[in-house]
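Down below is the structure, laid out as structure tokens.
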Amino acid sequence: MTSRLRGHPSTGRARRAAVALAAIAAALPASAAVSSFASRAALGATDSIAWGQLGADVTEISGLPAAVTSSNSANATVNNPSGSLWRFDEGGGAYGGNFQPGDALLSTFGTAGPLVVSFATPVARVGAQIQSNTFGAFTGTLEAFGAGNVSLGSVSVAGTSAGAQDNSAPFLGLGSTSLDIVSVRFSITGPQDLDFAINQLDLSQTVVAIPEPQAYALALAGMAVVAGAARRRRRASATS
Numbered sequence: 513m514t515s516r517l518r519g520h521p522s523t524g525r526a527r528r529a530a531v532a533l534a535a536i537a538a539a540l541p542a543s544a545a546v547s548s549f550a551s552r553a554a555l556g557a558t559d560s561i562a563w564g565q566l567g568a569d570v571t572e573i574s575g576l577p578a579a580v581t582s583s584n585s586a587n588a589t590v591n592n593p594s595g596s597l598w599r600f601d602e603g604g605g606a607y608g609g610n611f612q613p614g615d616a617l618l619s620t621f622g623t624a625g626p627l628v629v630s631f632a633t634p635v636a637r638v639g640a641q642i643q644s645n646t647f648g649a650f651t652g653t654l655e656a657f658g659a660g661n662v663s664l665g666s667v668s669v670a671g672t673s674a675g676a677q678d679n680s681a682p683f684l685g686l687g688s689t690s691l692d693i694v695s696v697r698f699s700i701t702g703p704q705d706l707d708f709a710i711n712q713l714d715l716s717q718t719v720v721a722i723p724e725p726q727a728y729a730l731a732l733a734g735m736a737v738v739a740g741a742a743r744r745r746r747r748a749s750a751t752s
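Going by our numbering, the letters in the sequence shown line up with residues 513 to 752, in that order.
Below, the structure is given as structure tokens:
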């Protein structure tokens, strides 16, 4: 009986299928370290950094990295490793883009950036609207880093830069599964000139709960079905 059970063809197929499903589940990536937010409302910020504190419209910011303070008195710095940073106001005369008129902007004007924001105290969610300084299609990217400058992941958004001044600049936000974001980097790709601007930076220390990928659930469900079928076949073979 034992020999026949081990050699039962349907049991062997079930075992092989279970092994294959287990291998698939093992090969699936772990849950993403960050999730994307497409709007300020979705991000659910509890704090923010306004760039007006860095100077008036059309001000080149010297002495980088420059210190900034959030509305809740959290400390941070901003930097551009490839050059300087500039302060502009949407619709102020020197800058006309897709932000809300009057928005205080921070720009990598004349350089590709990235624009780096480093936090004295880790945060869990970060986001801002972004726009290329050159009209046309672009892709904005926001990458988060943890302790030791280890990347936690990145999110991207596609947009079209224009001068509508209608608050249509796309929002680029991300959240981590832990309170571990110590810096973020904004950058763009697409147009010939890769300088860009962002508006108010929204922050939160609320950790994001990211659901497991659907593939995990499907793989685990498949494994359970196969394992159950194998057990039933074993019982049937043992009693036959």
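For glycine and all other residues, C-beta sits at the position ideal for the given N, C-alpha and C.
message: Using a 10 Å radius around the Cβ and a threshold of 16 neighbouring Cβ atoms, would you call residue 695 buried or exposed?
response: Residue 695 should be labelled buried.
- prompt: Where residue 563 and residue 703 are concerned, what is the direct C-alpha to C-alpha distance, given to the nearest angstrom?
  reply: So the alpha carbons of these two residues sit roughly 25 Å apart.
- prompt: Roughly how many angstroms lie between the CA atoms of residue 636 and residue 545, to the nearest whole one?
  reply: Taking the straight line joining both Cα atoms gives about 11 Å.
query: Considering only the beta carbon of each residue, do residue 716 and residue 557 sit closer than 8 Å?
result: Contact flag set, yes.
field: Integer-rounded CB distance, given that residue 714 should sit under 8 Å from residue 640
entry: For a cut-off of 8 Å, the C-beta gap from residue 640 to residue 714 is around 7 Å, short enough to register as a contact.
query: Which term fits residue 572, buried or exposed, when burial requires 16 or more other beta carbons within 10 angstroms of its beta carbon?
result: Residue 572 is exposed by the Cβ-count criterion.
- prompt: By the 10 Å Cβ neighbour count, where 16 or more other Cβ atoms means buried, how is residue 565 classified, buried or exposed?
  reply: By the 10 Å Cβ count, residue 565 comes out exposed.
field: Own chain, CB closer than 6 Å to residue 666, minus 5 neighbours either side, in chain order
entry: By the criterion of a C-beta distance shorter than 6 Å, residue 666 is surrounded in its chain by 653, 655, once the five residues flanking it on both sides are discounted.
task: Within the same chain, show all residues whose beta-carbon is closer than 7 Å to that of residue 730, passing over the 5 residues directly before and after it, in chain order.
output: Interpretation of residue 730 is limited by its pLDDT of 49, a score under 50 that renders its predicted location unreliable; no figure is taken from the coordinates.
message: Please state whether the Cβ-Cβ distance between residue 627 and residue 584 is less than 8 Å.
response: Contact flag unset, no.
message: So, for residue 542: in the same chain, excluding its five sequence neighbours on each side, which residues have a beta-carbon less than 6 Å away from its beta-carbon?
response: Confidence is the limiting factor: at residue 542 the pLDDT is only 39, short of 50, which leaves the residue's position unreliable and the question unanswerable from this model.
field: residue 631 - partner residues in DSSP beta bridges
entry: Residue 631 is bridged to 588.
task: Look up residue 636 in the DSSP assignment and say whether it is helix, strand or coil.
output: Residue 636 falls in the coil class under three-state DSSP.
message: By the three-class DSSP mapping on this structure, what secondary structure does residue 576 have?
response: The answer is coil: DSSP assigns residue 576 none of H, G, I, E or B.
task: Return the CA-CA distance between residue 661 and residue 630, expressed in angstroms with no decimal places.
output: Taking the straight line joining both Cα atoms gives about 11 Å.
message: Between the alpha carbons of residue 648 and residue 673, how many angstroms are there, rounded?
response: Rounded to whole angstroms, residue 648 to residue 673 spans 5 Å at the Cα level.
Through-space distance from residue 553 to residue 625, alpha-carbon basis: Between residue 625 and residue 553, the C-alpha separation is close to 27 Å.
Residue burial classification, residue 645 (beta-carbon count within 10 angstroms, cutoff 16): Flag for residue 645 reads buried.
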